[in-house]
Amino acid sequence: MKKTYYSVLALFLVAKLIPLSLLAQSNPVPYAYTIKAEDLKKHLTFIASDSLKGRNTGSAEQKVAANYIANHFKAVGLAPVQGSYFQKVDLVNRAWTNVAAQIKGKSYGYLADFMAYALAPVAAGTKAPTVFAGYGVQQGAFTDFDKLKAKGAMVLVIDGEAKDQAGNYVLSGSKDPSAFGKATGWREKMKLAQAAGATGLIVITDKDENVFSSQVNQRQATMKRFGNERMVFKEDTQNKEAEFPVLLISSAMAAQLLGTDVAAIEAFKTKVSTEKKSVASKFKSGTIELKIENAESPVDTYNVVGFLEGTDKKSEVVVITAHYDHIGVSADGQINNGANDDGSGTVTVMELAEAFGKAAAEGHRPRRSILFMTVTGEEKGLLGSEYYSNHPLFPLANTVCDLNIDMVGRYDDEHIGKPDYIYEIGSDKLSSQLRAVLEEQNKKHIGLELDFKFNDPNDPNRFYYRSDHYNFAKHNIPVAFFFNGVHEDYHQPGDDIEKIEFDQVQKVGRLVFYMAWEISNREQRLPVDSNKP
Numbered sequence: 001m002k003k004t005y006y007s008v009l010a011l012f013l014v015a016k017l018i019p020l021s022l023l024a025q026s027n028p029v030p031y032a033y034t035i036k037a038e039d040l041k042k043h044l045t046f047i048a049s050d051s052l053k054g055r056n057t058g059s060a061e062q063k064v065a066a067n068y069i070a071n072h073f074k075a076v077g078l079a080p081v082q083g084s085y086f087q088k089v090d091l092v093n094r095a096w097t098n099v100a101a102q103i104k105g106k107s108y109g110y111l112a113d114f115m116a117y118a119l120a121p122v123a124a125g126t127k128a129p130t131v132f133a134g135y136g137v138q139q140g141a142f143t144d145f146d147k148l149k150a151k152g153a154m155v156l157v158i159d160g161e162a163k164d165q166a167g168n169y170v171l172s173g174s175k176d177p178s179a180f181g182k183a184t185g186w187r188e189k190m191k192l193a194q195a196a197g198a199t200g201l202i203v204i205t206d207k208d209e210n211v212f213s214s215q216v217n218q219r220q221a222t223m224k225r226f227g228n229e230r231m232v233f234k235e236d237t238q239n240k241e242a243e244f245p246v247l248l249i250s251s252a253m254a255a256q257l258l259g260t261d262v263a264a265i266e267a268f269k270t271k272v273s274t275e276k277k278s279v280a281s282k283f284k285s286g287t288i289e290l291k292i293e294n295a296e297s298p299v300d301t302y303n304v305v306g307f308l309e310g311t312d313k314k315s316e317v318v319v320i321t322a323h324y325d326h327i328g329v330s331a332d333g334q335i336n337n338g339a340n341d342d343g344s345g346t347v348t349v350m351e352l353a354e355a356f357g358k359a360a361a362e363g364h365r366p367r368r369s370i371l372f373m374t375v376t377g378e379e380k381g382l383l384g385s386e387y388y389s390n391h392p393l394f395p396l397a398n399t400v401c402d403l404n405i406d407m408v409g410r411y412d413d414e415h416i417g418k419p420d421y422i423y424e425i426g427s428d429k430l431s432s433q434l435r436a437v438l439e440e441q442n443k444k445h446i447g448l449e450l451d452f453k454f455n456d457p458n459d460p461n462r463f464y465y466r467s468d469h470y471n472f473a474k475h476n477i478p479v480a481f482f483f484n485g486v487h488e489d490y491h492q493p494g495d496d497i498e499k500i501e502f503d504q505v506q507k508v509g510r511l512v513f514y515m516a517w518e519i520s521n522r523e524q525r526l527p528v529d530s531n532k533p
């Protein structure tokens, strides 16, 4: 008895001397190895089956997928959040049924003569005066909104920003545009127009007639394939003051509205570039008659969540995400199964949940909590993750990082014949240590080629902004995005399970597991101490 007593006492004393971090950090390898290619394939065989018809956001088939994921989370020991495995995402499906414009008796058709950056309802027969505001810039020597009588009118602006003869942007003095000259520059001009009391914004394209016509035709073809519906947050439709139409028109249509010709508009642009400041014009803006009609219906869709509570640092939460929606059935009846986009990420999150659930069941619960989440509406504009970031189930201030998986297990053209790679995007942008954790765990356990090509802030694809991690990053939460690149079946019916390399998905899943294990068990929370573009 005495020997047993002293043995137990010795173990107790040793345990008291061992930090909780070391007790939690038992061997992760056996749990990582529960992430298996055959299990990933089993789940994806269902998630990407024809019976789910491409998991279009809000469809009955997407709800079947959501239930499948939720049942898995429950089976592997994850808890619901606030009593549910589902977070309702309040969306409205808005279809534009009749959009048309008329200038001086001449009719212009939507997706025939003009496009839109944003649409908002306008009653048929509405006649709006227009005011010309040059490039629509309010910065430095550019004062396009000074003394502009925009209240109750639609503001007419030129797209982009002025360049000098050397091809440099006037505002920045370099080849890099200011916020007004970027692809999203119209948003900056829209804010200024709204602040000036305008009722809408009309942007004159900087493309010539042939290029613009081609863009319109491409947009029209896309609409024919996928429809003209657009999902928006219900709360946005209830704020009528926030609705603001932004049209994109050709130079010829603008000339009609300004009572001039295309050559005169080009001459004005040249004068602005030469003088490098706002200049007055002699254009006489006319009136535009608009009709923008729409129909709205509620969307029944959810983020699927499973929660693993931590131990001594349980208030801090690591989030692991993928999107489980896809684009559904094309107008021609073909099913877009989305096995790679993002069935592959979805089943990886499911397997990660199982691995951590097993570890917890065997007494190796992580110190920090982990939220496993498959989000909806990514294909509609990152809507599910944006909704979460606006209505978080756990405070964003307590959110340590987001590890996001989107499109893994297929190769792009640059990696045919050399498949052991993964593109990683974002890990160094907000934290000085997340990239180090990635590289350390990859070197120690996996050995993938880490390709940071798309992490370049000048990447023309802008992938950093195109998946769900970004809705965490914009709230200053460190992120790491795992991605194998695009391929010929991207958003096509050929994105099927037969083309997935499950051994590669397995490697990515295990890499994310080791990272999450390290991040959730380390003594110090990942710092937010970087600010890289």
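Position one of the sequence shown corresponds to residue 1 (the UniProt record's numbering), numbered consecutively onward.
All C-beta atoms in this analysis are idealised placements derived from N, C-alpha and C, irrespective of residue type, glycine included.
(message) Quick check: the region 229-239 against the region 128-136, are at least 3 beta-carbon pairs closer than 8 Å?
(response) no
(request) Compare the Cα-Cα distances from residue 360 to each of 69, 78, 342 and 402 and report the closest residue. (result) On the sequence shown, residue 360 is found 360 positions in, with the first residue counted as 1. Nearest option by C-alpha distance: 78.
(message) Could you compute how far the alpha carbon of residue 260 sits from the alpha carbon of residue 268?
(response) The sequence position of residue 260 within the sequence shown is 260, counting from 1. The sequence position of residue 268 within the sequence shown is 268, counting from 1. Rounded to the nearest angstrom, the two C-alpha atoms are 11 Å apart.
(message) Is the beta carbon of residue 386 closer than 9 Å to that of residue 461?
(response) Here residue 461 refers to the residue found at position 461 of the sequence shown. Here residue 386 refers to the residue found at position 386 of the sequence shown. No, they are not a contact pair.
(message) If you reduce the DSSP assignment to three classes, tell me which class residue 279 lands in.
(response) Counting from 1 along the sequence shown, the entry for residue 279 is found at position 279. Note: residue 279 maps to coil in three-state DSSP.
(message) Closer than 8 Å is the cut-off here; do at least three beta carbon pairs connect the region 392-411 with the region 324-336?
(response) no
(request) In the DSSP assignment, find the unbroken beta strand (DSSP E) run with residue 109 in it and report its ends. (result) Counted from its first residue, the sequence shown places residue 109 at position 109. Its beta strand (DSSP E) spans residues 106-109.
(request) Verify whether the separation of the beta carbon atoms of residue 440 and residue 421 is less than 9 Å. (result) For the purposes of this step, residue 440 is identified with residue 440 of the sequence shown, where counting begins at 1. For the purposes of this step, residue 421 is identified with residue 421 of the sequence shown, where counting begins at 1. Not in contact: residue 440 and residue 421 (Cβ atoms no closer than 9 Å).
(request) Note down, one range per segment and in chain order, each beta strand (DSSP E) of at least 3 residues found wholly within the region 280-333. (result) 287-299, 302-308 and 313-323
(request) Out of 408, 426 and 428, state which residue places its alpha-carbon closest to the alpha-carbon of residue 419. (result) For this step, residue 419 is matched to residue 419 along the sequence shown. Minimum Cα distance to residue 419 is reached at 408.
(request) Give the straight-line distance between the Cα atoms of residue 518 and residue 445, rounded to the nearest whole angstrom. (result) In the sequence shown, the residue the question calls residue 518 occupies position 518. In the sequence shown, the residue the question calls residue 445 occupies position 445. Answer to the nearest angstrom: the Cα atoms are 12 Å apart.
(request) Please name the residue in 452, 71, 143 and 483 whose C-alpha comes closest to that of residue 466. (result) One-based indexing of the sequence shown puts residue 466 at position 466. With distances taken between Cα atoms, residue 466 lies closest to 483.
(request) Give the secondary structure of residue 34 by DSSP, where H, G and I count as helix, E and B as strand, and everything else as coil. (result) Here residue 34 refers to the residue found at position 34 of the sequence shown. Coil, per DSSP.
(request) Tell me whether residue 210 is buried or exposed, calling it buried when 16 or more other Cβ atoms sit within 10 Å of its Cβ. (result) For this step, residue 210 is matched to residue 210 along the sequence shown. Result: exposed.
(message) Just list the residues that DSSP pairs residue 151 with in beta bridges.
(response) Your numbering for residue 151 matches position 151 in the sequence shown. Answer by DSSP bridge pairing: none, since residue 151 is not bridged.
(request) Would you identify the three-state DSSP class for residue 512, choosing helix, strand or coil? (result) To locate residue 512, count along the sequence shown from 1; it is residue 512. If DSSP states are grouped into helix, strand and coil, residue 512 belongs with the helices.
(message) Quick check on residue 97: does DSSP put it in helix, strand or coil?
(response) One-based indexing of the sequence shown puts residue 97 at position 97. In the structure shown, residue 97 sits in a strand (DSSP, three-state: E or B).
(request) Quick one: residues in its chain with C-beta nearer than 6 Å to the C-beta of residue 345, no 5 flanking neighbours on either side, listed in chain order? (result) Working through the sequence shown from its first residue, we reach residue 345 at position 345. Around residue 345: 322, 405 and 406.
(message) Between the alpha carbons of residue 382 and residue 282, how many angstroms are there, rounded?
(response) Residue numbering aside, residue 382 sits at position 382 when the sequence shown is read from its first letter. Residue numbering aside, residue 282 sits at position 282 when the sequence shown is read from its first letter. Going from the Cα of residue 382 to the Cα of residue 282 covers about 43 Å.
(request) Could you name each continuous alpha helix (DSSP H) segment of 4 residues or more that falls completely within the region 382-459, going from the start of the chain to the end? (result) 383-390 and 434-441
(request) Would you mind working out which of 274, 354, 28 and 221 sits nearest residue 164, comparing C-alpha positions? (result) Mapped onto the sequence shown, residue 164 falls at position 164. The shortest Cα separation from residue 164 among 274, 354, 28 and 221 belongs to 274.
(request) Ignore the nearest five residues each way along the sequence and tell me which others in residue 515's own chain have a CB closer than 8 Å to its CB. (result) In the sequence shown, the residue the question calls residue 515 occupies position 515. So the qualifying residues of the chain are 403, 437, 438, 441 and 480.
(message) Let me make sure I understand the geometry here. Which of 432, 503 and 111 has the alpha-carbon closest to that of residue 219?
(response) Residue mapping note: residue 219 aligns to position 219 of the sequence shown, counting from 1. When each option's Cα is compared against that of residue 219, the closest is 111.
(message) Do residue 376 and residue 464 count as a contact pair if the criterion is CB distance below 9 Å?
(response) Numbered from its first residue, the sequence shown carries residue 464 at position 464. Numbered from its first residue, the sequence shown carries residue 376 at position 376. No, the pair does not count as a contact, with Cβ atoms beyond the cut-off.
(request) Write down the C-beta distance between residue 297 and residue 429 rounded to the nearest angstrom, noting that I regard them as a contact closer than 8 Å. (result) By 1-based counting over the sequence shown, the position of residue 297 is 297. By 1-based counting over the sequence shown, the position of residue 429 is 429. About 38 Å; that fails the 8 Å criterion.
(request) Please name the residue, chosen from 458, 191, 285 and 348, that lies closest to residue 34 on a Cα-to-Cα basis. (result) Residue mapping note: residue 34 aligns to position 34 of the sequence shown, counting from 1. It is 348 whose Cα lies nearest to the Cα of residue 34.
(request) Please look up how many angstroms separate the CB atoms of residue 196 and residue 150, rounded, as I've assumed it's under 8 Å. (result) The residue you call residue 196 lines up with position 196 of the sequence shown. The residue you call residue 150 lines up with position 150 of the sequence shown. Right, their Cβ atoms sit about 4 Å apart.
(request) Helix, strand or coil for residue 526, going by three-state DSSP, please let me know. (result) The sequence position of residue 526 within the sequence shown is 526, counting from 1. Residue 526: coil per DSSP, three-state reduction.
(request) Could you have a look at residue 165 and say whether DSSP puts it in helix, strand or coil? (result) Position 165 of the sequence shown holds residue 165. Coil.
(request) Measure the Cβ-Cβ separation of residue 144 and residue 152 and say whether it is below 9 Å. (result) Working through the sequence shown from its first residue, we reach residue 144 at position 144. Working through the sequence shown from its first residue, we reach residue 152 at position 152. Not a contact, by the Cβ cut-off of 9 Å.
(message) Just to check my reading of the structure: residue 486 and residue 290 have Cβ atoms closer than 8 Å, yes? What is that Cβ distance to the nearest angstrom?
(response) Sequence index remark: in the sequence shown, residue 486 carries index 486 (1-based). Sequence index remark: in the sequence shown, residue 290 carries index 290 (1-based). With a Cβ gap of about 37 Å, residue 486 and residue 290 do not count as contacting.
(message) Let's test the definition: count the other Cβ atoms within 10 Å of the Cβ of residue 199 and tell me whether it reaches 16, buried, or not, exposed.
(response) Position 199 of the sequence shown holds residue 199. Per the 10 Å Cβ criterion, buried.
(message) Please report the straight-line C-alpha distance between residue 232 and residue 339, rounded to a whole angstrom.
(response) By 1-based counting over the sequence shown, the position of residue 232 is 232. By 1-based counting over the sequence shown, the position of residue 339 is 339. So the alpha carbons of these two residues sit roughly 25 Å apart.
(message) Using 9 Å as the threshold, is the C-beta distance between residue 506 and residue 40 below it?
(response) Start at 1 with the first residue of the sequence shown, and residue 506 comes out as number 506. Start at 1 with the first residue of the sequence shown, and residue 40 comes out as number 40. Contact flag set, yes.
(request) Please state whether DSSP places residue 272 in a helix, a strand or coil. (result) Counted from its first residue, the sequence shown places residue 272 at position 272. Note: residue 272 maps to helix in three-state DSSP.
(message) For the alpha helix (DSSP H) containing residue 75, name the first residue and the last one.
(response) As a first step, residue 75 is located in the sequence shown; it is residue number 75 there, counting from the start. First-last of the alpha helix (DSSP H) with residue 75: 60-75.
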